[in-house]
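Per the working numbering, the very first residue in the sequence shown carries number 28; after that it's consecutive.
C-beta: ideal position from N, C-alpha, C; glycine also.
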Amino acid sequence: MDERQTLLRSIPAADVLLRAPSLEAAARAHGGAAVLGAVRAELDALRASVLHGEARAIPPRPDLCAAALQRLRTGQTMRLRHVVNATGVALHTNLGRAPLADAACTAVQEAASNYTNLEYTLETGARGSRTAAVEELLCVLCGCEAAFVVNNNAAAVLLALAALSRGKGAAVSRGELVEIGDGFRLRDILEESGARVVEVGATNRTHTDDYERAARENDLAVLFKAHTSNFRMVGFTQSVSLRELARIGVRYGLATVADLGGGAPLDEAAYPFSGEPSISRALRDGADIVCFSGDKLLGGPQAGILLGRAELIGRMRLHPLARALRIDKLSLAALEATLRLYCDPARAGNEIPALRMLCTAPETLRARAVYLNKLIEQEGANCATEIISVKRPVGGGCAPSALLDGFAVAVLPAVLHVETLEARLRAAAPLPVVARISQGRLLLDTATIRDDECPAVAAAVKAGCAL
Ligand SMILES: *Cc1c(COP(=O)(O)O)cnc(C)c1O
């Protein structure tokens, strides 16, 4: 214990360190308070480590100053920051799904830095509805009676079931009770609504009879159909189409609710993959309510969008959970701007980044790979590169069996393990690069790398390949 007391007493005072030239310079650049904070944090950490018996000596003052400066630097870097998505997966959930269109970013900036008429009607001076403007846009774009928006699609599912099926049964096929990622299971979300989940069918096969029997034998309120998201069943399978399900719903007086997951806002022909039913098709097929994410195929902000029959949407709007799950004003601003772009589908295709990345012609992706490869060569990076054709998934649980055509620069470091390069790219400053390894090479997929990011990627490859 005595030894620790001696060590503690020999820790220099903060103001002694602050007189070091390096810290005085830092104080001029970043302000004295920030530097004092970093020094105090460093000394506190040192004291704790002495008390725990970890530090057996006090580092020399220059080392303490350097450590404080390092703290200052990392403390000033936002944890949430711009990274280069070199995976080719346009809707990468871990990388924030859809980047926003410029128009949406401008709308966010405008709503963030000013007061807004968020819940205020300028014509009358009375209280107004937060979501009325986007609801109107959604009704026009998707051809539905009514719309409502909440925080995300999981919230939309929860609200729909709470409003329509609390205390009653909701029938769902066993083949659709998916886990949507990070351990969250659809069944658990459905049950949190207070609805009783009535599983029908077998894992691989569900028939119309299964739903009909469930409707006769249980006190049901809802027939629920979920997009199977990130997986696909093959082989001896059978499922009931939304159209058939809606017919059963009408026959038994039940609401048909379809969780579309990604929800394609344009006609199916607009996408370079098949198997994602469009929102308007789901409504035409007879779903009473459809819901989907704002940041998947729509290419907007995180949001949960509910469309369908006015009477049912009205019940959701008035449910207490609607207040707990409400969308924030910045997401709302981004959503309205994104939906306005869809009023002109050609504009949407050009200006919504996620949509553009999904639809870019392979030739354009090859040209970007040639450009990126040239930059890497100009940097003189210590590696061998090759432009190769690749296949890439859509991401976000959308069109799980689709693989889109693309191109990548494949990088083989001359002296390092490819895993070392991959890790160094993730740590690259100022712009981390997230890439994948395939067959011993690092792939930089140009479907999700922007032209303006290519120079930073090339510089990171050069630094990452150096011994
Ligand atoms: C992605 C997805 C969700 C969750 O949507 P969030 O907007 O991430 O909450 C729910 N259901 C399905 C089928 C999905 O694909």
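- With a cutoff of 8 Å on beta-carbon distance, Phe258 and Val205 are scored as near each other.
- According to the DSSP secondary-structure assignment, Ser156 is paired through a beta bridge with no residue.
- By the Cβ-count criterion, Arg451 is buried, with 16 or more other Cβ atoms from all chains shown falling within 10 Å of its own Cβ.
- Proximity of the beta carbon of Ala181 to ligand 1 is indicated: a heavy atom of the ligand is located closer than 7 Å.
- Counted as a single uninterrupted DSSP element, the alpha helix (DSSP H) harbouring Glu137 occupies residues Asp129 to Ser140.
- At least one heavy atom of ligand 1 lies closer than 7 Å to the C-beta of His254.
- Looking at the backbone, the Cα of Pro459 and that of Ala474 are separated by about 17 Å.
- Just so you know, the alpha carbons of Val397 and Lys489 end up roughly 17 Å apart.
- Judged by pairs of C-beta atoms under 8 Å, the stretch 38-51 touches the stretch 67-78, as three or more such pairs exist.
- Distances from the CB of Gly327 to the heavy atoms of ligand 1 are all 7 Å or more.
- Straight-line spacing of the CA atoms in Glu226 and Gln265 works out to 15 Å.
- In the three-state DSSP reduction, Arg108 falls in the coil class, being neither helix nor strand.
- Ranking Val284, Arg193 and Phe263 by CA distance to the CA of Glu271 puts Val284 first.
- Shown here for Ile379: same chain residues with a beta carbon closer than 7 Å to its own, the five before and five after excluded, namely Ala128, Gly326, Thr365 and Leu368 in chain order.
- Exposed is the label assigned to Arg88, since fewer than 16 other Cβ atoms lie within 10 Å of its Cβ.
- Excluding sequence positions up to five before and after Asn377, its CB lies within less than 8 Å of the CB of Arg383, all in the same chain and listed in chain order.
- Here Arg468 carries a strand assignment [DSSP, helix/strand/coil].
- In the DSSP assignment, Arg212 is bridged to Glu206.
- Taking 8 Å as the cut-off, the beta carbon of Lys323 is found closer than this to the beta carbon of Gly288.
- Taking a 10 Å sphere around the C-beta of Val167, we find fewer than 16 other C-beta atoms and assign the residue as exposed.
- Val135 has its CB no nearer than 7 Å to any heavy atom of ligand 1.
- Sorting Ala493, Asp286 and Thr151 by C-alpha distance to the C-alpha of Cys425 places Asp286 at the top.
- Judged by DSSP in its simplified three-state form, Gly321 adopts coil rather than helix or strand.
- Rounded to the nearest angstrom, the gap between the Cα atoms of Thr33 and Leu73 is 14 Å.
- Taking 8 Å as the cut-off, the Cβ atoms of Val442 and Asn409 count as close.
- Ser320 sits away from Val249, with the two beta carbons spaced by 8 Å or more.
- In the structure shown, the three-state DSSP call for Gln329 is coil.
- Ala53 and Arg106 have their C-alpha atoms spaced approximately 21 Å apart.
- The straight-line gap separating the alpha-carbon atoms of Val436 and Ala138 is approximately 40 Å.
- If you draw a straight line from the Cα of Leu334 to the Cα of Leu185, it is about 14 Å long.
- Not one heavy atom of ligand 1 lies closer than 7 Å to the C-beta of Gly210.
- Of the other Cβ atoms in all chains shown, fewer than 16 fall within 10 Å of the Cβ of Ala337; this residue is therefore exposed.
- At the C-beta level, Gly196 and Arg223 come within 8 Å of one another.
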